[in-house]
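Novice:
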Amino acid sequence: MEICSLNRFSFIIFMFFASVVTWYTLSRPGYFDCAGSNIVACTFSSRKHISSVSQASNSKLYKVNDATPLHPLDPLTVQEINQVKAILANYEPFLASFPPIHSLCLDEPDKSQVLAWKKGDSLPVRKASVITVLDGHTHVVIVDLGLALVTSHTMDPYSGYPVVTIHDLGEALRTTYSNEDFKKAIAARGVEMSDLSCITPSPGWFGPDEEGRRIAKIVCFSSQGTPNFYMRPIEGIVVIIDMDKKKVVKIIDVNRGIPIPKGENTDYRYVSQDRPMNMKPINPISIEQPNGPSFTVQDGHTVTWANWVFHLKADQRAGLIISQAKVRDSETGELRSVMYKGFVSELYVPYMDTDEGWYFKTYMDAGEFGLGATAMPLVPLNDCPRNAYYMDGLFVAADGSPFIQPNMICIFERYAGDIGWRHSELPVNGFQNRESRPKVTLVARMIASVGNYDYIFDWEFQTDGLIRVKVGLSGMLMVKGTKHENVDQVYENNELNGPLVSENAIGVVHDHFITFHLDMDIDGTNNSFAKVNLVKEETLAGKSPRKSILKPNRKIAKTEEEAQIKLKLYDPSEFHVINPLRRSRLGNPTGYKIVPGGTAASLLDLDDPPQLRAAFTNNQIWVTRYNQSEQWAGGLLVYQSKGDDGLAVWSARNRSIENKDVVLWYTLGFHHIPCQEDFPVMPTVWSSFDLKPVNFFESNPILRAMPNFEKDLPVCGPGSLYQ
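According to the numbering used here, the sequence shown holds residues 432 to 1154 in order.
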């Protein structure tokens, strides 16, 4: 990276939504120099895109810069993005000043058009959806690429603002660093400006005083002695910036007596580890595929594997989108619809601290920063195994120029010794049956590095028709400075809002809620939602030695309100999306059920400002009537929003959902009470949920799957059993 200066100092400027330390040229406003680096969120006027980083020798890469759209849901191409930019530059309202682009993506065709389209047909009219902010107002624009015209233009449709850009955050930091009062506050803490690292966490919304202008709240750290500056917070300094006027609104400077935690033992990089691990080394493990992977990626985005076909693309906000997922029936060979569209709709992270420098840390990572925008290149052999296939993302910078997010998605087959099905019969009946089948799955993976946290998103497809969606959390804690170095110094009534994880560092308690948009189309668009309760039935005296049994009781939800579900341990239930018009040979409606894994619920007051914005976490399951405009659980415009748009508002309309085109929403949650093992970098913790067939197939769809035989496997060396 190129080091740039201001007044003799070098500043490390951390762009929160880019989740990497980015050098920002303060002496040249609006310019981000990407030369010689792999920073992919940068752009400048002379570049249209950034070349991808090199790949592992076995890996394949889809070159987005050479792509042409071949499917109605394919993302915009380089040529299309440049066309949109040219149309906007000549659009009357933007002639005086080209507006900064906050979002520019495909405006997807109507669902009916996509479902009717067959390969070889002409594509539906290509359109672009553009969100920009100009003169303090949000503009939502639709551009028809066929007509080369703006066909729709809406101003300020809701409260809130769109995803912030790297230009916004860079200007906010530039404004902060040039403020003399800020420099004095930093000097008073004993921090050299050359050791300063600042980030721009989102401000949330806390009443009318913060409305009518886009603000940023800047908090800072010392990077002296460590690249892991998160472990060295400068507690109590918050700078509030008006991003449009580029001026400091207020500087909060409290808690001056709190020391900055030391930098020792905070470096997590491999090259810096100089002590033995006191663990016996693990021999290398690799899944070898001498005949290559079993999946193919056609036309850049259509993935075919075993009995699955689906469309896969990168998205600047959602990160990764799965569309038109279909599974082939093992009995009939029919390719049957399961899900029209699935993606992360929002990621809500509220921290549990009321201090001046902490109360606003209630992030909406997808809608405020973008999960695709924060996706750093995957690391071959460590993030993804051998034989992985890599896909780039193609996104748009603030000036309207396309740029590549390299190695953003990987696709690979997973075998970890799991079992697809098995049975062994005890020999007492004369049978010598020992049958077992291996489980091999296909994984589509994306990782978003949103500031201090890394979120791993896996969509795992199984041959038995199940889709497992997994979320892994790693990265660094956001710690709070404290005077305490040991718990013995903490009084009983002292409110730390989290445990000590290192000397002078508190791991503040927080939550993570990941809300998924799951447009299930089970054998077509007309579906219903059924809650199947297990009900205790007491037996009549004298009828059986048993006193009680459980029986399933199925109820079809008529309206959206009836499909709002809070999970309860003592109300055991299954949740089915069924097609009432298609039945199995036994008369059961075909369906899929959502099977929650370990999860958590929000415990905040419903009228707490962060929870008003994140009302989509008030339930773990929602079902809404399909509406193409209802994609984002927190609303279209999330930054500084106040909850007037989003899933809870849509569901309150209480539309009919029986035998309709419906969308299933599921929130996967984590409560995180940090511990010392989370320092200085957290081991990955996982949770998941399943989308599982229920009466969808006539019988076990992998009954005839082949077992593994030694003769079919590669001989790799001394570890082989038969040589």
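Glycine residues also receive a C-beta, built at the ideal position from the N, C-alpha and C atoms.
Is D640 buried or exposed, if buried means 16 or more other CB atoms sit within 10 Å of its CB?
Specialist: So D640 ends up on the exposed side.
Novice: Buried or exposed: where does L766 fall if 16 or more other Cβ atoms within 10 Å of its Cβ makes it buried?
Specialist: It is exposed - the Cβ of L766 has fewer than 16 other Cβ atoms within 10 Å.
Novice: Secondary structure at I689, three-state DSSP: helix, strand or coil?
Specialist: Coil at I689, not helix or strand.
Novice: When the Cα atoms are used, what is the spatial distance from P707 to Y701?
Specialist: Taking the straight line joining both Cα atoms gives about 12 Å.
Novice: Answer yes or no: do I980 and V775 have a C-beta to C-beta separation smaller than 8 Å?
Specialist: No, Cβ-Cβ distance for I980 and V775 is not below 8 Å.
Novice: Evaluate P1124 with the Cβ neighbour count: other Cβ atoms within 10 Å of its Cβ, from every protein chain shown; 16 or more gives buried, anything less gives exposed.
Specialist: Buried.
Novice: How is the alpha helix (DSSP H) around L981 delimited, first residue to last?
Specialist: Per DSSP, L981 belongs to no alpha helix (DSSP H); it is in the beta strand (DSSP E), S979 to I987.
Novice: Return the residue from the list S768, A829 and D538 that minimises the CA-CA distance to T956.
Specialist: Comparing Cα positions, the closest option is S768.
Novice: State yes or no: is the C-beta of I691 within less than 8 Å of the C-beta of S653?
Specialist: Their beta carbons are under 8 Å apart, which means I691 touches S653 by this criterion.
Novice: Put D673 into one of helix, strand or coil per three-state DSSP.
Specialist: Correct three-state label for D673: strand.
Novice: Does the contact criterion of 3 or more C-beta pairs under 8 Å hold for the stretch 1129 to 1144 versus the stretch 909 to 925?
Specialist: Cβ pair count under 8 Å is below three, so no.
Novice: Taking the alpha carbon of V669 as the reference point, which residue from T1048, I646 and Y820 has its own alpha carbon closest?
Specialist: Out of T1048, I646 and Y820, I646 has the C-alpha closest to the C-alpha of V669.
Novice: If you reduce the DSSP assignment to three classes, tell me which class L526 lands in.
Specialist: If DSSP states are grouped into helix, strand and coil, L526 belongs with coil.
Novice: Pair every Cβ in the stretch 621 to 640 with every Cβ in the stretch 574 to 584, then say whether three or more of these pairs are closer than 8 Å.
Specialist: Not touching, per the Cβ criterion.
Novice: Does the beta-carbon distance from L535 to V556 come in below 8 Å?
Specialist: In this structure, V556 does not lie closer than 8 Å to L535 by Cβ.
Novice: From the DSSP secondary-structure annotation, give me the bridge partner or partners of V564.
Specialist: Its beta-bridge partners are T569.
Novice: Tell me the rounded alpha-carbon separation between Y589 and R644.
Specialist: Between Y589 and R644, the C-alpha separation is close to 14 Å.
Novice: So, does the stretch 824 to 843 touch the stretch 734 to 753, judging by three or more C-beta pairs under 8 Å?
Specialist: With a cut-off of 8 Å, the stretch 734 to 753 and the stretch 824 to 843 count as touching, because enough Cβ pairs lie within range.
Novice: Less than 8 Å between the C-beta atoms of I689 and G929, yes or no?
Specialist: No, these two residues do not count as a Cβ contact at 8 Å.
Novice: For I927, which three-state DSSP category applies?
Specialist: In the sequence under discussion, the amino acid at residue 927 is Leu, which differs from the Ile named in the question. Three-state result, L927: coil.
Novice: Looking at C-alpha atoms only, which residue of T1055, G851, I713 and V515 is the closest neighbour of V1093?
Specialist: The shortest C-alpha separation from V1093 is found at T1055.
Novice: Give a yes or no on contact between the stretch 966 to 984 and the stretch 1027 to 1041, applying the rule of three or more CB pairs nearer than 8 Å.
Specialist: No: the two stretches stay apart, fewer than three of their Cβ pairs being nearer than 8 Å.
Novice: Any contact between the stretch 874 to 887 and the stretch 895 to 907? By contact I mean 3 or more CB pairs, one from each, below 8 Å.
Specialist: Short answer: they touch.
Novice: Could you tell me which of K901, F1140 and Y1070 sits nearest to W1117, measuring between CA atoms?
Specialist: Per the Cα distances, K901.
Novice: Taking C-alpha atoms, which residue in Y794, T763 and K542 lies nearest to D942?
Specialist: Among Y794, T763 and K542, the Cα nearest to that of D942 is on Y794.
Novice: Buried or exposed: where does K967 fall if 16 or more other Cβ atoms within 10 Å of its Cβ makes it buried?
Specialist: Its Cβ having fewer than 16 others within 10 Å, K967 is exposed.
Novice: What do you reckon, is the C-beta of P811 under 7 Å from a heavy atom of the ligand NAP?
Specialist: This structure lacks the ligand NAP; in fact it carries no ligand of any kind.
Novice: Where does the unbroken beta strand (DSSP E) through W736 begin, and where does it stop?
Specialist: W736 -> beta strand (DSSP E) spans T733 to W736.
Novice: Leaving out the 5 sequence neighbours to the left and right, which residues in its chain are closer than 7 Å to R459 when beta-carbon positions are compared?
Specialist: In this prediction, R459 has a pLDDT of 28, which is less than 50 and means its spatial position is unreliable; what the coordinates show is noted afterwards. Taken in chain order, the list of residues that qualify is empty.
Novice: Under the three-state reduction of DSSP, which class applies to F791: helix, strand or coil?
Specialist: The answer is coil: DSSP assigns F791 none of H, G, I, E or B.
Novice: May I ask which residues mark the beginning and end of the alpha helix (DSSP H) holding S768?
Specialist: Unbroken run through S768 is the beta strand (DSSP E), L766 to P781; no alpha helix (DSSP H).
Novice: Decide if the stretch 521 to 534 is in contact with the stretch 848 to 863; the criterion is three or more beta carbon pairs, one per stretch, under 8 Å apart.
Specialist: No: fewer than three Cβ pairs fall under 8 Å.
Novice: Leaving aside the five residues before and after M783 along the sequence, list all residues of the same chain whose C-beta is less than 7 Å from its C-beta, in chain order.
Specialist: Hits under 7 Å: N928, V939, V940 and H941.
Novice: Measure the alpha-carbon distance for E1141 versus D760 and round it to whole angstroms.
Specialist: Straight-line Cα distance between these residues: approximately 29 Å.
Novice: Give me the Cα-Cα distance between I850 and R1135, rounded to the nearest whole angstrom.
Specialist: If you take the alpha carbons of I850 and R1135, they lie about 14 Å apart.
Novice: Which word fits Y820, buried or exposed, when buried means at least 16 other C-beta atoms lie within 10 angstroms of its C-beta?
Specialist: By the 10 Å Cβ count, Y820 comes out buried.
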